[in-house]
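Asks: This is the structure, below, for whatever I ask next.
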Amino acid sequence: MRIDGGPAGGARTGKETVLPGEERPHSHAVVSGTLWNYSAAVVASLLQLGYTAYTGRAVSAAAFGAFASALSITQLLGYFANAGLATTVLRSRELTRGLLVATVRLGLLSGLVCFALVQATAPLWAEVWNAPETTGLLRVLGLQFLFLPVGAVSAAGLRRLQAQRAAVLVETGALAAGLLTGTLLLAAGWNPLGLAATSVTTQLGMAVLAGMLVARRLPPPGDRTGGRPGRYRELAGSSGFLAGHQLAQYVTNTVPLWAAGAVLGPVAAGYYSRSTLFTGLLLTTLAAGLTRVTTPALTRVRAQAPEPSPEARPPGGREEPAVRRAATDVLLAASALSFLPFAFLAGAGSGALRLLLGPGWDEAAGLVPPLCLFSAVAVVYAVGLSVDTVCGSHRRMAAAQAAAAVVTLAGAVLATAGDSLTLLALAALAGQLGGLAVQMWKWRGHGVVEARRLGVGYAVHAALGLAAYASGAALSRTAAGLPCPAVLLVLPAVGLAVVLCRPLRTRLPLYRVAAARGLLPLRVPDLRRSRTTRPQAQ
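Our numbering runs 92 ahead of the 1-based position in the sequence shown.
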């Protein structure tokens with residue numbers, strides 16, 4: 093019987109003896125995939141930062157605001173073009189050539205519809221945003237729908253086949269080609285159309301490279317499983333909800349930008365979009381890197397969980413202990429990986445953005461701290477949605493997203509009434525907090541996670557984030573030559589914290605997760621006992 097685990101634990105029957113570190117092979121495979129994603133993301137972030145520094149000096153705030161508004165429309169339609177098909181491929185129990193062909197065909201159909209819709213309505217959107225240049229930007233951006241579905245589905249197929257290295261190399265290479273194309277066109281005078289060409293070139297490269305690689309890794313058409321035909325109605329039904337939910341999530345997160353553009357003007361939209369682009373680099377890196385690896389891995393854990401007898405079935409539709417343990421560990425890791433870096437960026441990011449963009453962007457720099465808080469919560473919320481996606485709970489996903497949407501919309505109304513970009517950023521943060529609160533409430537009631545351990549872990553990682561924020565703020569003020577007496581206390585405080593925390597490191601949530609999965613030397617006695625004698629203990 094197979095008992096190897098998923099991203100943070102495996103399925104147990106409750107009868108066998110569990111040896112410490114037996115989940116290590118799969119845990120290391122997940123960590124290896126995550127490292128590949130993050131290594132490529134570092135390269136991509138450096139490329140994006142260089143591109144941002146160039147465009148911040150070559151493109152005006154009003155022109156970038158028009159581009160951001162146009163991009164938000166194509167990103168909105170992108171959820172229709174993708175139609176949740178990439179997520180369907182990621183969570184598929186078995187990836188066959190027939191399934192991939194079916195998803196590509198459905199994606200091409202939806203992509204053609206979106207392409208035609210953008211070309212027909214581009215002048216209308218230009219009038220809505222009161223920015224004539226939006227028409228040309230939309231028509232160029234609309235070309236990406238001819239390639240986006242193929243690239244998204246093919247990259248998801250590579251990840252489902254555990255080819256993480258191939259997937260990230262394709263994505264990074266396509267992004268580099270797109271940024272180079274945009275830079276050359278802007279330098280040649282195609283301003284701001286060169287910005288739009290970046291997305292089109294990136295999606296074209298993704299479609300070609302990822303499509304070729306995933307086709308080589310799938311079983312040949314004559315194979316018993318490789319030629320199994322896809323069921324289009326069933327596929328469309330399973331991906332329909334995911335597409336609608338992703339669309340609702342995108343609309344919720346974009347409401348502040350739309351409010352800034354429609355009510356406060358294109359310059360305000362340019363400030364807000366620049367700040368969100370700066371914080372969004374790390375947000376996209378963390379959220380995408382975690383969900384792309386953990387979604388197929390959690391699917392494997394849940395698929396391997398033994399089917400319990402009617403007498404042993406968990407009450408109230410609760411998940412199996414292995415699934416609860418795995419989901420909790422993934423969420424704890426996500427909180428540590430998001431709270432700490434975003435807290436540091438909240439302290440140091442304002443000065444870094446001023447340095448990156450040059451003079452004239454002070455208002456955008458002031459939005460960095462609240463948007464960093466938004467991004468930290470958004471990463472954890474996104475990974476939580478991935479957990480609910482694997483567990484197949486549409487009601488929990490809908491309830492959490494409805495809460496996030498209502499809170500964000502109410503906050504955006506108040507912010508526009510007060511003519512404040514800072515309030516818009518806080519409205520986005522409040523929406524994510526509302527969604528996260530509903531997530532945890534629903535999980536506690538349905539036994540999806542180990543609720544107490546998860547809540548304590550969130551609190552501990554948030555407290556550590558306060559120290560990271562203080563360090564970032566002190567570093568930023570010192571680099572700017574501003575007086576900062578507190579900086580003299582930073583190094584002694586950090587040294588004291590290291591001395592005090594070293595004996596207590598086994599109490600830190602992230603350390604305990606890594607040690608329990610065999611990723612660190614196992615030196616926690618209670619963890620060793622729980623893994624050897626009480627495998628089902630929560």
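All C-beta atoms, glycine included, are put in the ideal place defined by N, C-alpha and C.
Cα separation between Gly332 and Thr514?
Replies: Taking the straight line from one Cα to the other gives about 35 Å.
Asks: Can you name, in chain order, every residue of its own chain whose Cβ lies under 6 Å from the Cβ of Ser246, other than the five neighbours on each side?
Replies: Correct list, in chain order: Ala302, Gly303, Val306.
Asks: Tell me where the alpha helix (DSSP H) around Ala457 begins and ends.
Replies: Per DSSP, Ala457 belongs to the alpha helix (DSSP H) from 454 to 457.
Asks: Mind checking if Leu229 is an interface residue toward chain C, Cβ cutoff 8 Å exclusive?
Replies: Looking at the structure shown, chain C is missing, and only one protein chain is on hand.
Asks: Does DSSP put Gly539 in a helix, in a strand, or in coil?
Replies: Note: Gly539 maps to coil in three-state DSSP.
Asks: Would you mind working out which of Pro348, Ser161, Phe434, Val498 sits nearest Gly564, comparing C-alpha positions?
Replies: Minimum Cα distance to Gly564 is reached at Phe434.
Asks: Looking at Val605 and Asp421, is the spacing between their C-beta atoms short of 8 Å?
Replies: Going by C-beta atoms, Asp421 is nearer than 8 Å to Val605.
Asks: Got a sec? Which residues, its chain only, sit under 6 Å from Gln256 by beta carbon, not counting five neighbours each side?
Replies: For Gln256, where only same-chain residues beyond five positions count, the Cβ hits under 6 Å are Gly125, Trp128.
Asks: Please list, in chain order, all residues of the same chain as Ala517 whose beta carbon is under 8 Å from its beta carbon, the five residues on each side excluded.
Replies: Excluding sequence neighbours, Ala517 sits near Pro348, Tyr364, Ser367, Leu459, Pro462, Leu463, Phe466.
Asks: Answer yes or no: do Leu271 and Tyr143 have a C-beta to C-beta separation smaller than 8 Å?
Replies: Yes. Within cutoff.
Asks: Between which two residues does the alpha helix (DSSP H) containing Phe156 stretch?
Replies: Its alpha helix (DSSP H) spans residues 153 to 174.
Asks: When we look at the beta-carbon of Asp480 and count the other beta-carbons within 10 Å, is it buried (16 or more) or exposed?
Replies: When all chains shown are included, Asp480 counts as buried.
Asks: Are the stretch 166 to 180 and the stretch 198 to 211 in contact at 8 Å, needing three or more beta carbon pairs?
Replies: As far as the Cβ criterion goes, the stretch 166 to 180 touches the stretch 198 to 211, which means the pair count is three or higher.
Asks: For a quick check, are the C-beta atoms of Ala173 and Pro241 less than 8 Å apart?
Replies: It is a contact, given that the beta carbons lie within the stated cut-off.
Asks: With a 10 Å radius around its C-beta and 16 neighbouring C-beta atoms as the bar for buried, classify Glu403 as buried or exposed.
Replies: Any reading at Glu403 must be qualified, since the residue scores a pLDDT of 48, below 50, and its modelled position is unreliable; the value itself is stated next. It counts as exposed.
Asks: Quick one: using the 10 Å Cβ neighbour count with 16 as the cut-off for buried, is Ala495 buried or exposed?
Replies: With 16 or more other Cβ atoms within 10 Å, it is buried.
Asks: If we call anything under 8 Å between Cβ atoms a contact, is Leu375 one with Ala470?
Replies: Contact: yes.
Asks: Compute the Euclidean distance between the alpha carbons of Leu278 and Phe156, then round it to the nearest angstrom.
Replies: Each residue's alpha carbon lies about 13 Å from the other.
Asks: Using CA atoms only, rank isn't needed, just tell me which of Thr294, Val499, Leu138 is closest to Ala48.
Replies: The structure shown does not extend to residue 48, since the chain is modelled only from 93 to 630, so the question has no answer here.
Asks: In three-state DSSP terms, what is Ala223?
Replies: In the structure shown, Ala223 sits in coil (DSSP, three-state: anything other than H, G, I, E or B).
Asks: Report the CB separation of Ala456 from Leu445 in whole angstroms; it is logged as a contact under 8 Å.
Replies: At roughly 6 Å, the Cβ-Cβ gap stays under 8 Å, so Ala456 and Leu445 are in contact.
Asks: Which term fits Glu411, buried or exposed, when burial requires 16 or more other beta carbons within 10 angstroms of its beta carbon?
Replies: Looking at its Cβ environment, which holds 16 or more other Cβ atoms inside 10 Å, Glu411 is buried.
Asks: I need the boundaries of the alpha helix (DSSP H) containing Leu600, first residue and last residue.
Replies: No alpha helix (DSSP H) contains Leu600, which DSSP labels as neither H nor E.
Asks: Would you mind giving the Cβ-Cβ distance between Ser478 and Thr387, rounded to the nearest angstrom? I have them listed as a contact below 8 Å.
Replies: About 5 Å separates the two Cβ atoms, so the contact holds.
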